[in-house]
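2 protein chains.
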Amino acid sequence: MIRGVLLDLAGVIYDGDHALPGAIDAVGRLHQEGLKLRFVTNTTRSTKQKLLTRLAKLGLDISTDELFTPGQAARDWLTAHESSPVLVVHPNLAQEFDGLPAREKRAVVVGDAGNAFDYTHLNRAFRALIDGAELIALAKNRTFKDEDGRLSLDAGAFVTALEYASGKTATVLGKPSPDFFAAALSSMDCPLEDAVMVGDDAEADVAGALRAGLAEALLVRTGKYREGDETRFEPPPTTTVADLAAAADWILAQR
Amino acid sequence: MIRGVLLDLAGVIYDGDHALPGAIDAVGRLHQEGLKLRFVTNTTRSTKQKLLTRLAKLGLDISTDELFTPGQAARDWLTAHESSPVLVVHPNLAQEFDGLPAREKRAVVVGDAGNAFDYTHLNRAFRALIDGAELIALAKNRTFKDEDGRLSLDAGAFVTALEYASGKTATVLGKPSPDFFAAALSSMDCPLEDAVMVGDDAEADVAGALRAGLAEALLVRTGKYREGDETRFEPPPTTTVADLAAAADWILAQR
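Taken in order, these protein sequences are the chains called Z and P.
Residue numbers for the first sequence follow this note's numbering, beginning at 331 and rising by one.
Residue numbers for the second sequence follow this note's numbering, beginning at 331 and rising by one.
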């Protein structure tokens with residue numbers, strides 16, 4: 331019996347600066363039917379607060395407790411591990427790390443830095459790693475759908491570059507980290523077996539959720555979806571549907 | 331019976347802008363004893379011609395036929411495969427590719443681009459790859475010894491980034507490509523079993539040469555060598571010596 335739904339944001343709820351057709355309405359229908367919802371995103375180009383403001387403008391009013399971001403998870407990780415960050419992140423995300431106390435231990439934190447992925451930043455991060463810093467990946471996504479509608483290099487490529495050169499393995503905090511899915515489900519007291527994930531990334535969202543133990547995961551053919559994605563990663567999606575509206579239909583039909 | 335010697339350049343012959351102690355003299359001694367020599371470098375921050383000029387200033391006068399560079403190998407590859415390059419290389423190397431005819435087929439060519447490793451260049455290369463271009467790595471070295479004496483990110487990190495995001499596997503043209511070693515040996519009619527390699531990179535120079543079938547490979551404790559390198563990669567070096575002078579002593583003692 332499905333009781334909880336985890337929803338990706340970019341490519342599922344919105345695309346660029348507009349909500350996807352039927353998406354906001356689908357969220358409303360799921361809510362109305364008594365399902366618990368959490369939003370789990372690997373977007374790392376803005377702070378959690380800015381993302382909430384952006385969602386409100388699109389007509390999606392959610393509270394800070396309903397949204398799970400890798401930036402927040404990284405801040406929590408740094409506090410728990412008493413470490414100071416060496417940031418390779420987008421300028422819009424940097425303030426998520428303001429006010430952390432200075433520590434001797436260091437951790438390189440890599441997000442989708444956009445144009446801040448330059449040699450100077452990456453080499454500084456590499457040198458911190460060989461001097462003993464941990465490597466923290468906000469996400470390891472290969473690509474994202476860029477503003478021009480085409481795929482662009484995402485953080486995962488640069489995380490892999492630093493792993494290759496330093497010999498270290500990154501701790502991934504966002505999807506597909508089982509801890510990330512588990513934190514979102516735990517916040518709504520929903521066990522893995524009663525949960526479904528809906529996403530446009532067949533690897534991080536769908537295969538990731540199923541590997542983390544969720545009962546079901548739906549792939550939508552919006553956002554970064556490309557033909558053939560449903561068979562590209564293991565495990566494959568429970569089913570593949572046109573968009574979030576169709577995903578809501580499928581979920582509600584199961585009840 | 332050793333008849334041919336392959337020598338790495340940076341970290342073996344020179345370091346920064348000066349020849350290493352005893353290195354030029356060691357090359358002279360190997361020559362005098364009738365050994366055939368070729369210089370095989372993964373340096374991709376300058377054209378072959380500029381590198382020859384630089385070596386001459388350090389007191390090493392060699393001909394264009396004695397020097398093997400990945401840039402030259404890439405130019406040959408592009409000609410053989412009737413492809414035009416999408417360059418991610420250092421500005422000083424770019425002119426190595428001048429004058430190639432325009433072709434429909436494209437190949438992304440990645441060298442040690444230094445500050446030209448920025449998001450714009452890397453994302454342009456990524457998009458060419460998903461549009462069908464081949465991926466050519468001049469080298470896949472993890473690190474190099476930078477001008478300040480510390481290790482810095484080398485081309486391999488960025489090649490790995492592009493492989494991860496595009497799902498393609500790079501064709502590596504420089505060391506440890508067996509074809510690269512073979513081309514240098516073939517140019518002096520020296521079979522693999524009569525050849526020795528001397529380098530400071532335990533992975534690309536030493537393990538690479540042994541995997542390519544060379545009889546022996548010596549690791550020198552100069553350049554990018556770090557303690558423990560002799561046991562870090564398989565196969566391990568035939569022996570590890572202080573520098574090129576000691577390598578020449580070892581080689582001459584075998585005869």
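Each residue gets a CB set at the ideal place from its N, CA and C atoms; glycine is no exception.
Item checked: Contact list for Z/A487 against chain P, beta-carbon separation under 8 Å -> Sequence index remark: in the first sequence, residue 487 of chain Z carries index 157 (1-based). Here the neighbours are L452, F456, A491, L492, Y494, A495.
Notebook entry, point to check: Taking 7 Å as the CB-CB limit, is Z/F447 close to chain P?
Noted result: Here residue 447 of chain Z corresponds to residue number 117 of the first sequence, with the count starting at 1. Yes, because at least one Cβ of chain P sits closer than 7 Å to the Cβ of Z/F447.
Next item on the list: Decide if Z/E523 is buried, meaning its Cβ has at least 16 other Cβ atoms within 10 Å, or exposed.
Entry: As a first step, residue 523 of chain Z must be located in the first sequence, where it is residue number 193. With fewer than 16 other Cβ atoms within 10 Å, it is exposed.
Next item on the list: List the DSSP bridge partners of P/Y344.
Entry: Position 14 of the second sequence, counted from the start, is the residue given in the question as residue 344 of chain P. In DSSP, P/Y344 forms a bridge with P/A340, P/A349.
Note to self: Need the endpoints of the alpha helix (DSSP H) that Z/K380 sits in, please.
What the structure shows: Working through the first sequence from its first residue, we reach residue 380 of chain Z at position 50. Unbroken alpha helix (DSSP H) run through Z/K380: 378-387.
Checklist line | Close beta carbons around Z/A575, own chain, < 8 Å, minus the five adjacent residues each side | finding: Here residue 575 of chain Z is taken as the residue at index 245 of the first sequence, counted from 1. Result list for Z/A575: P351, G352, A353, D355, A356, in chain order.
Note to self: Can you pull out the residues from the segment 467-482 of chain P whose beta carbon lies closer than 7 Å to at least one beta carbon of chain Z?
What the structure shows: R472, T473, R480, L481, S482
Margin query: In the DSSP assignment, the beta strand (DSSP E) including Z/L549 goes from what residue to what residue?
Written below: Locating residue 549 of chain Z in the first sequence gives position 219, counting from the first residue. Per DSSP, Z/L549 belongs to the beta strand (DSSP E) from 546-550.
Next item on the list: Would you mind working out which of Z/G444, Z/F511, Z/P508, Z/L465 sits nearest Z/D484, comparing C-alpha positions?
Entry: Within the first sequence, residue 484 of chain Z is the residue found at index 154, counting from 1. Here the closest residue by C-alpha is Z/G444.
Margin query: Do Z/A539 and Z/M650 count as a contact pair if the criterion is CB distance below 7 Å?
Written below: Since the first and last residues shown for chain Z are 331 and 585, residue 650 of chain Z lies out of range.
Next item on the list: Starting from the beta carbon of Z/G346, find every residue of chain P whose beta carbon is closer than 7 Å, and list them in chain order.
Entry: Counted from its first residue, the first sequence places residue 346 of chain Z at position 16. By Cβ distance, chain P contributes nothing, its closest Cβ being about 17 Å from Z/G346, past 7 Å.
Check: Apart from the five residues on each side of it in sequence, which residues of its chain come closer than 6 Å, Cβ to Cβ, to Z/Q402?
Finding: Taking the first sequence and counting its residues from 1, one reaches residue 402 of chain Z at position 72. Cβ neighbours of Z/Q402 beyond the five flanking positions: K378.
Checklist line | C-alpha gap between Z/D509 and P/Y555, whole angstroms | finding: As a first step, residue 509 of chain Z is located in the first sequence; it is residue number 179 there, counting from the start. As a first step, residue 555 of chain P is located in the second sequence; it is residue number 225 there, counting from the start. Approximately 39 Å, taken between the alpha carbons.
Next item on the list: Quick one: list the residues of chain P neighbouring Z/G444, beta-carbon separation under 9 Å, in chain order.
Entry: One-based indexing of the first sequence puts residue 444 of chain Z at position 114. By Cβ distance, chain P contributes Y449.
Notebook entry, point to check: What are the uninterrupted segments assigned as alpha helix (DSSP H) that are 4 or more residues long and contained completely in the segment 428-493 of chain Z, given in chain order?
Noted result: 449-460
Next item on the list: Pick helix, strand or coil for Z/L365, following the three-state DSSP scheme.
Entry: Against the first sequence, residue 365 of chain Z aligns to sequence position 35. It is coil, neither helix nor strand.
Notebook entry, point to check: Taking the beta strand (DSSP E) that P/T374 falls in, what are its first and last residues?
Noted result: Numbered from 1 along the second sequence, position 44 holds the residue referred to as residue 374 of chain P. From DSSP, P/T374 is part of no beta strand (DSSP E); its letter is neither H nor E.
Check: Closest to Z/A458 by CA distance: which of Z/A495, Z/L468, Z/P400 is it?
Finding: In the first sequence, the residue the question calls residue 458 of chain Z occupies position 128. Considering only alpha carbons, the answer is Z/A495.
Item checked: Close-in-space but distant-in-sequence residues of the same chain around Z/V502 (CB under 6 Å, 5 per side omitted) -> Sequence index remark: in the first sequence, residue 502 of chain Z carries index 172 (1-based). Here the set comprises A467, K470.
Margin query: Cutting at 8 Å between CB atoms, please list the residues of its own chain near Z/T499, excluding the five before and the five after it.
Written below: On the first sequence, residue 499 of chain Z is found 169 positions in, with the first residue counted as 1. Same-chain partners within the cutoff: L465, E493.
Next item on the list: Whole angstroms is fine: what's the gap from Z/F488's alpha carbon to Z/F369's?
Entry: Residue mapping note: residue 488 of chain Z aligns to position 158 of the first sequence, counting from 1. Residue mapping note: residue 369 of chain Z aligns to position 39 of the first sequence, counting from 1. Between Z/F488 and Z/F369, the C-alpha separation is close to 25 Å.
Next item on the list: Give the residues of chain P in contact with Z/S332, contact being defined as C-beta atoms less than 8 Å apart.
Entry: By one-based count along the first sequence, residue 332 of chain Z stands at place 2. The amino acid at residue 332 of chain Z is misidentified as Ser; the sequence shows Ile. Neighbours of Z/I332 on chain P: none; closest Cβ ~33 Å, over 8 Å.
Next item on the list: Anything in chain Z within Cβ reach of P/I460, meaning under 7 Å, just list it in chain order.
Entry: Locating residue 460 of chain P in the second sequence gives position 130, where the first residue counts as 1. Within chain Z, the residues near P/I460 are L481.
Next item on the list: Using a threshold of 7 Å, state whether the C-beta atoms of P/A463 and P/A424 are closer than that.
Entry: Numbered from 1 along the second sequence, position 133 holds the residue referred to as residue 463 of chain P. Numbered from 1 along the second sequence, position 94 holds the residue referred to as residue 424 of chain P. No, the pair does not count as a contact, with Cβ atoms beyond the cut-off.
Item checked: Cross-strand partners of Z/G504 (DSSP beta bridge) -> Stepping through the first sequence from its first residue, residue 504 of chain Z is reached at position 174. According to DSSP, Z/G504 bridges with nothing at all.
Check: Mind checking P/K435: buried by the 16 CB within 10 Å criterion, or exposed?
Finding: Position 105 of the second sequence, counting from 1, holds the residue named residue 435 of chain P. Classification of P/K435: exposed, given that the 10 Å Cβ count is below 16.
Margin query: Helix, strand or coil, according to DSSP, for Z/S517 in the structure here?
Written below: Sequence index remark: in the first sequence, residue 517 of chain Z carries index 187 (1-based). Of the three classes helix, strand and coil, the one that applies to Z/S517 here is coil, per DSSP.
Note to self: Let me check you understand the geometry: is the CB of Z/L336 closer than 6 Å to at least one non-hydrogen atom of the ligand SAH?
What the structure shows: Absence of the ligand SAH from the depicted structure is noted, as is the absence of any ligand whatsoever, leaving it without description.
Notebook entry, point to check: To the nearest whole angstrom, what separates the beta carbons of Z/D338 and Z/D531, a pair I think is in contact under 8 Å?
Noted result: Sequence index remark: in the first sequence, residue 338 of chain Z carries index 8 (1-based). Sequence index remark: in the first sequence, residue 531 of chain Z carries index 201 (1-based). 7 Å between Cβ atoms; contact.
Next item on the list: Would you identify the three-state DSSP class for P/T409, choosing helix, strand or coil?
Entry: Here the question's residue 409 of chain P lines up with position 79 in the second sequence. Helix, per DSSP.
Notebook entry, point to check: Should P/P431 go down as buried or exposed, given a rule of 16 or more other Cβ atoms within 10 Å for buried?
Noted result: Taking the second sequence and counting its residues from 1, the one referred to as residue 431 of chain P is at position 101. The residue is exposed, with fewer than 16 neighbouring Cβ atoms inside 10 Å.
Margin query: Can you tell me where the alpha helix (DSSP H) holding Z/G529 begins and where it ends?
Written below: On the first sequence, residue 529 of chain Z is found 199 positions in, with the first residue counted as 1. Run containing Z/G529: none in the alpha helix (DSSP H); it sits in the beta strand (DSSP E), 525-529.
Checklist line | Contacts around P/L417, its chain only, beta-carbon distance under 7 Å, and the 5 residues preceding and following it disregarded | finding: Taking the first residue of the second sequence as position 1, residue 417 of chain P is located at position 87. A424, F427, V439, listed in sequence order.
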